[in-house]
Amino acid sequence: MLDLGFIREHREEIRQALKTRAPRFDFEGFLRLEAERRRLLQELEALRAEKNKANDKITQLLKEKKDPRETISSMKAIAQKIDVLDKEAGEADEKLKSLLLLLPNLPHSSVKTGSDPSQNTEVRRWGEP
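Under numbering that gives the first Met the number 0, the first residue of the sequence shown is numbered 0, with each subsequent residue one higher.
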């Protein structure tokens, strides 16, 4: 299985290899899903940091014997957003993992390819297909 970091760094190389190795694989859709997943994770981390700040503010307000209700309500709203984004990020992650399993390894540069899999040259075979 290819690493997501490798895929991000070598998009063009993978795109070219998929033309011969797996022409039906929706690589652009895969890249969009991966970008969406990263966006969700970044937004999730920002909301978690905001929630932590609100928690610290509540603690400070209680020490100063001030009313923390407004901060508590905003923290609850943030927690609800976190729950929604966490679910969306989990779903995107599962879809991405299933697509990663379908993404074939890259052929070596010395591999000669035919116009379809039946015309490819078999160098050696290992194990039972």
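Even for Gly, the Cβ is constructed at its ideal location relative to N, Cα and C. These figures come from a predicted structure and were not determined experimentally.
Check this for me: beta carbons of residue i and residue j, under 9 angstroms apart or not?
| i | j | result |
| --- | --- | --- |
| A78 | R36 | no |
| L43 | D85 | yes |
| I71 | R47 | no |
| A53 | S73 | yes |
| L40 | K94 | no |
If distances are taken between C-alpha atoms only, which option among the options comes closest to residue i?
| i | options | result |
| --- | --- | --- |
| Q118 | M0, T19, I81 and I6 | T19 |
| K111 | T120, L105 and N104 | T120 |
| L105 | R68, Q15 and G126 | Q15 |
| M0 | P103, L17 and D55 | P103 |
| F5 | F24, R23, L30 and D55 | L30 |
Taking the straight line between their C-alpha atoms, what separation do you get for residue i and residue j?
| i | j | result |
| --- | --- | --- |
| E69 | R38 | 29 angstroms |
| L3 | E12 | 14 angstroms |
| A76 | G28 | 32 angstroms |
| S109 | R23 | 23 angstroms |
- Message: Would you call the region 47 to 66 in contact with the region 94 to 105, where contact means no fewer than 3 C-beta pairs closer than 8 angstroms?
- Response: no
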